[in-house]
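To start, the structure under review is shown below, and the notes come after it.
There are 4 protein chains.
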Amino acid sequence: MIIVMEKSSLDPQIEHIANQITELGLKAHVIRGTERTVIAAVGDERKIKVESFESFPGVAEVLPILAPYKMASREVRTDQTQIQVLNFKAGNGAVGVMGGPCSVESEEQIVSCARAVKASGATALRGGAYKPRTSPYAFQGMKEDGLKLLALARQETGLAVVTEVMSPEDVELVAKYADILQIGARNMQNYRLLEAAGRSGRAVLLKRGPSATIEEWLLAAEYILNEGNPDVMLCERGIRTFEAHTRFTLPLATVPYLHRKTHLPVIVDPSHGTGHSYLVTDMAAASVAVGADGLIVEMHPNPEKALSDGYQSLDFSQFDGMMKRCKVIADAMGKQFG
Amino acid sequence: MIIVMEKSSLDPQIEHIANQITELGLKAHVIRGTERTVIAAVGDERKIKVESFESFPGVAEVLPILAPYKMASREVRTDQTQIQVLNFKAGNGAVGVMGGPCSVESEEQIVSCARAVKASGATALRGGAYKPRTSPYAFQGMKEDGLKLLALARQETGLAVVTEVMSPEDVELVAKYADILQIGARNMQNYRLLEAAGRSGRAVLLKRGPSATIEEWLLAAEYILNEGNPDVMLCERGIRTFEAHTRFTLPLATVPYLHRKTHLPVIVDPSHGTGHSYLVTDMAAASVAVGADGLIVEMHPNPEKALSDGYQSLDFSQFDGMMKRCKVIADAMGKQFG
Amino acid sequence: MIIVMEKSSLDPQIEHIANQITELGLKAHVIRGTERTVIAAVGDERKIKVESFESFPGVAEVLPILAPYKMASREVRTDQTQIQVLNFKAGNGAVGVMGGPCSVESEEQIVSCARAVKASGATALRGGAYKPRTSPYAFQGMKEDGLKLLALARQETGLAVVTEVMSPEDVELVAKYADILQIGARNMQNYRLLEAAGRSGRAVLLKRGPSATIEEWLLAAEYILNEGNPDVMLCERGIRTFEAHTRFTLPLATVPYLHRKTHLPVIVDPSHGTGHSYLVTDMAAASVAVGADGLIVEMHPNPEKALSDGYQSLDFSQFDGMMKRCKVIADAMGKQFG
Amino acid sequence: MIIVMEKSSLDPQIEHIANQITELGLKAHVIRGTERTVIAAVGDERKIKVESFESFPGVAEVLPILAPYKMASREVRTDQTQIQVLNFKAGNGAVGVMGGPCSVESEEQIVSCARAVKASGATALRGGAYKPRTSPYAFQGMKEDGLKLLALARQETGLAVVTEVMSPEDVELVAKYADILQIGARNMQNYRLLEAAGRSGRAVLLKRGPSATIEEWLLAAEYILNEGNPDVMLCERGIRTFEAHTRFTLPLATVPYLHRKTHLPVIVDPSHGTGHSYLVTDMAAASVAVGADGLIVEMHPNPEKALSDGYQSLDFSQFDGMMKRCKVIADAMGKQFG
């Protein structure tokens, strides 16, 4: 932590802060410049409340030095984590693809999706049974019946199943049927849910909240890791910006940036990240090219009739085209794809 | 709903959409212009999935007409709701103030805060017992012990107690001690929690998520109203923007805008909305001037030593100054303040 | 400047940087912590390119310490600048109001506006003669004819005239007629124009670009101050965010924040800052309450018929109501208003 | 244009608007729904001021239907424009690459850059002679001397030269030396400059302003096209968002979105779009994969010593690696690259 003092700050103010730093178990270095005095606090600042120094008299600014997350950081683990669930692999040279409908709607729908997903070479099936819906008047999902259909589709195809869990009390039930638990963007900072997912024994796909900083996102991952669950995948699904021609803005630079900061695999969701089916394939290709460790893509037998998110879902043939286009790029990069 | 067709759209595409609209129970008006054809769907579009028309061939854009929320809207109730809890009143001419620490830390701390809040003329006490913390390594709150101390402070002062609830399974317990349940910004779209708060029998203070649109926020309120609980206050606490000199950007135009769209009272939180104690009083004054129905403000006997949010907390004397400055403005506007 | 090294950085990398800092005329302090090494560079870092250290091997992050602007800063001048032009005063206890139409349209229009502005107690007249328009097909202003009409309106009323200048080659002409030159939001970083305005001998109203940081904005002011012109007013007119119910988001916390950082007066534009006439009066009141040194507000004899910006213009009676409501607040704050 | 009326709107208000529409030469269709009345105005709404209807009594919202730009739109030209300057080609199957330093610093620097750019297979040389700098205290460029060095480098290598022009009065001089005029992000809405570039006889690279909407950007292009210059390239260089780990957020979905809306080629700038050299190559690859028609990339013989933007510049070997990685992707897409 670096504390920058106001130009007008007084010696007793500087001493007061230096003493406080020492009391907290860190070392204080006071550096008096021609323009400003700065105080460097040396030691593990994660143990203290860095921002609280802002309220000390004479302080202009407080600059943290250490990232506040630990277990997710590259400092703890320098190679990249690969997560494998059945045939699905993400990270460390593997690009895993999860395809499927927004919501599970019927046996016929989910099984036909699963077959198409598998036929196109992907290894995981997505499908929502519990649906967080912006409006209380919208379709809220098939709940446990949906979970059962997902399990059935896995039995038919061998695909790994990924599905969202919305509440800590549902974690046990969802974990019974699913291979990977998805924490949705709206719940990225639902800490009880993160803790429950951390204790579930299942891999977790943690979506970024649309206004979450990278640091907040990695701290959310830290809640899961901290419960002893190392199998966390980060999913970039777009942030909220002034740009209105896409539903969210998908900032792909997140992928190589995260690869420097964390050993966890990074998945991209071009469906929610754009909100328009006609942008999904191009952004999926860009995601692979930028180095993503996986994709999660919405598809549906008949997007016009989908009970949710039809406007951003690919049909089977578009999904297949997307897979082919991405595979060429992954191959050129020497990565395993599917 | 208005559907704008591509310039190159074909007659059978237009017919297909018109038929689909009719099938869904609305009336379709096809308007052929010199430049574009548009299709107006007349009827209650809330019953259908407006966006799904985006995936129909030939469609350029879909423009919803009706707000998707109902019970929160001005169309349902033209006068403004006033919420009263003990001596706290917000809305319809009353500006209610909630003051207190970020976290309950001890009996001495919370009772001294409550006394200072009351002495300055405010009518509600805030204080966190369950704390949603970005980092798993930060202080997570005193939990039920904190709730008990809040109840004790109420007994001493008669202030209404507002405190956050983070999980549906805690609603019953928190509702036992608190007068007003706060749903935090991170949980604005935690729908299970909204539903549980809707059934709690307590007034609810619903904070805006930092990237939530007004529409998403009112739909979150709708989840609570829809459970039969009419006592919902909306709390603007800042949105996430590129502006980095404040922790969030506090968009005060939200207040008069909401007053046009909803009958629910609008509270402003200048503490989280700025993130710096030296900006809080000015923004509190501006909030009253813009027409807010209430304020929620962090204060602490000794901000330097606060276990959380000290950098944005006022001390007792600053809180008192803030109250005085706001009262003058409220008086000039003919409003009850405190 | 503080340079934070990667955990894996090597001693020769640290030495290389320390040498480079010394070569540039600053002093390097190397602080070796348990977790990280940081290098503090002491001296006037404004003379060097701080960010360039980011490209040195082993560097994790570079944190500037000094604000890059000088003449605009509080460090140079601790009291607040008051700018006076005719009867218009802004800053240091005075809240000056500029009212008038978006565009000058005719003698009758501008003179009637000027009379209404004066009658309501304001001291400056705004009106555009050169109009920066998003579309090449929109009305581009009356140009020199408009300037003449503004001068005529000043003659009739004694109001100070503020009008926009769009290009360095127009500065001389506009300065002949106007008392205050407005640099619009789109031109905040048009450096040639800033320099020309700095040499014009006229006070300058510098609008914030909708995505400009506070630092970029103050550096733009610095271009003007640097030419020897001390009469610069900063005008907050809203930033671009995801919030779509207002045309821009008006972040009023900017006002007290700027008051800490700069001695220059801060004006607020609630017309462009909201984009809807029904929000203007409330936000004008909030601006005065938050401590603004002035307002610039669009008004028009008949907003329905305005050639530009009618949707955000007040009519004469609304303007008068706005003035009355703001005056009460300014009076309560002990400030001169008008 | 669709005008949505308030639920409480009155018949005379509806008639008043319908009459106004008719007066303006469009046809008004009044559609009375069960919930709302909407008025559709049929005809070329570009001729009228759509937003002005917002200030009419009884109006809830005004929804424009037609894009306000014409010559840039797909409706005018359905195939894609290809721009060719010397050996540089962008659009319609060609991906053109512009490489070079941020600023021209010396003959040796620019000629060595040009040779490296050519050796790596790119066809255009970038280099700034007039530099728009945020701070008045920063290096402002070599001006005409820089232009002469660029021309010399072209002579040596045959590369097309692209360089920024900042002011209308410089257009003639810059056009004398350069093949492509760059309009920088800060000047995207400097309309005088756009008009002058439109009359210059040179191809124009129009960078997106960091808070410009797509519509504003295409309208800026329209200013150039409207002067009779068809050779406009759009350059996405990142938008301003809350995301702070990159200098700007590079929204690659812009590329396929623009391809639907306009026939103009779309170039991506991964250097400014990320602000960190370690992110440039990955984002360049993603840009090609998403369908960009060109790249503009900063490189420097020795980024540590660059007079500007060293932190986001590649060295020669990194540039060469970037070219190789992108070529594989372009080849896979069947596009010409270089």
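Protein chains in written order, with the numbering used here: chain E, 1 to 338; chain A, 1001 to 1338; chain H, 2001 to 2338; chain V, 3001 to 3338.
Here a beta-carbon is modelled for each residue, glycine too, at the ideal position from N, C-alpha and C.
Please read these numbers as outputs of a predicted model, since none were measured by experiment.
Could you give the C-beta distance for residue i and residue j, rounded to a whole number, given that I count them as a contact under 8 Å?
{"i": "residue 173 of chain E", "j": "residue 110 of chain E", "result": "Not confirmed; about 18 Å, so no contact."}
{"i": "residue 2090 of chain H", "j": "residue 2082 of chain H", "result": "7 Å"}
{"i": "residue 210 of chain E", "j": "residue 1191 of chain A", "result": "Their Cβ separation, rounded to whole angstroms, is 16 Å, which puts residue 210 of chain E and residue 1191 of chain A out of contact at 8 Å."}
{"i": "residue 2104 of chain H", "j": "residue 2071 of chain H", "result": "Contact doesn't hold; Cβ gap of about 33 Å is too wide."}
{"i": "residue 1235 of chain A", "j": "residue 1329 of chain A", "result": "Not a contact, Cβ separation roughly 20 Å."}
{"i": "residue 3031 of chain V", "j": "residue 1029 of chain A", "result": "5 Å"}
If you draw a straight line from the C-alpha of residue i to the C-alpha of residue j, how long is it?
{"i": "residue 2102 of chain H", "j": "residue 2129 of chain H", "result": "9 Å"}
{"i": "residue 2060 of chain H", "j": "residue 19 of chain E", "result": "28 Å"}
{"i": "residue 222 of chain E", "j": "residue 76 of chain E", "result": "12 Å"}
{"i": "residue 3056 of chain V", "j": "residue 3017 of chain V", "result": "8 Å"}
{"i": "residue 3308 of chain V", "j": "residue 266 of chain E", "result": "33 Å"}
{"i": "residue 2118 of chain H", "j": "residue 2159 of chain H", "result": "7 Å"}
{"i": "residue 122 of chain E", "j": "residue 322 of chain E", "result": "11 Å"}
{"i": "residue 3195 of chain V", "j": "residue 3207 of chain V", "result": "15 Å"}
{"i": "residue 1168 of chain A", "j": "residue 1193 of chain A", "result": "5 Å"}
{"i": "residue 165 of chain E", "j": "residue 146 of chain E", "result": "12 Å"}
{"i": "residue 3227 of chain V", "j": "residue 3197 of chain V", "result": "9 Å"}
{"i": "residue 3007 of chain V", "j": "residue 177 of chain E", "result": "48 Å"}
{"i": "residue 200 of chain E", "j": "residue 5 of chain E", "result": "47 Å"}
{"i": "residue 1225 of chain A", "j": "residue 1062 of chain A", "result": "28 Å"}
{"i": "residue 283 of chain E", "j": "residue 3288 of chain V", "result": "11 Å"}
{"i": "residue 2216 of chain H", "j": "residue 3281 of chain V", "result": "28 Å"}
{"i": "residue 3048 of chain V", "j": "residue 3024 of chain V", "result": "7 Å"}
Tell me which same chain residues have a C-beta within less than 8 Å of the C-beta of residue i, skipping the five on either side of it?
{"i": "residue 1334 of chain A", "result": "1093"}
{"i": "residue 153 of chain E", "result": "110, 111, 113, 114, 125, 127, 159, 161"}
{"i": "residue 1259 of chain A", "result": "1080, 1266, 1291"}
{"i": "residue 306 of chain E", "result": "101, 102, 103, 105, 300, 313"}
{"i": "residue 1214 of chain A", "result": "1254, 1257, 1258, 1261"}
{"i": "residue 1156 of chain A", "result": "1111, 1114, 1115"}
{"i": "residue 184 of chain E", "result": "132, 164, 166, 207"}
{"i": "residue 276 of chain E", "result": "246, 247, 311, 312"}
Below 6 Å CB to CB, which residues in the same chain sit around residue i once its five sequence neighbours on both sides are set aside?
{"i": "residue 290 of chain E", "result": "252, 255"}
{"i": "residue 1138 of chain A", "result": "none"}
{"i": "residue 1179 of chain A", "result": "1085, 1160, 1161"}
{"i": "residue 3088 of chain V", "result": "3096, 3123, 3124, 3160"}
Where DSSP assigns a beta bridge to residue i, which residues make up the other side?
{"i": "residue 1266 of chain A", "result": "A:1234"}
{"i": "residue 3337 of chain V", "result": "V:3095"}
{"i": "residue 3296 of chain V", "result": "V:3098"}
{"i": "residue 255 of chain E", "result": "Paired residues: none, contrary to the question."}
{"i": "residue 27 of chain E", "result": "E:42"}
{"i": "residue 2314 of chain H", "result": "H:2299"}
{"i": "residue 5 of chain E", "result": "E:59"}
For residue i, which residues in chain D fall below 7 Å Cβ to Cβ?
{"i": "residue 56 of chain E", "result": "Absence of chain D from the displayed structure is noted, the protein chains being E, A, H and V."}
Identify, in the order they occur along the chain, each residue of the same chain with its Cβ nearer than 7 Å to the Cβ of residue i, setting aside the five sequence neighbours on each side.
{"i": "residue 1338 of chain A", "result": "1097, 1121, 1122, 1123"}
{"i": "residue 1243 of chain A", "result": "1249"}
{"i": "residue 3051 of chain V", "result": "3062"}
Please indicate yes or no: does the CB of residue i lie closer than 7 Å to some heavy atom of the ligand ADP?
{"i": "residue 3257 of chain V", "result": "Of ligands this structure carries none, so the ligand ADP is not represented either."}
Item to check | Completely contained alpha helix (DSSP H) runs for the segment 3146-3193 of chain V, where each covers 4 or more residues | outcome: 3171-3177
Next on the checklist: Extract the residue ranges of the alpha helix (DSSP H) inside the segment 1202-1236 of chain A, only unbroken runs of 4 or more that lie entirely within it.
Outcome noted: Runs found: 1214-1225.
Checklist entry - Which whole runs of the alpha helix (DSSP H) in the segment 3050-3122 of chain V are 4 residues long or more, in chain order? => result 3107-3119
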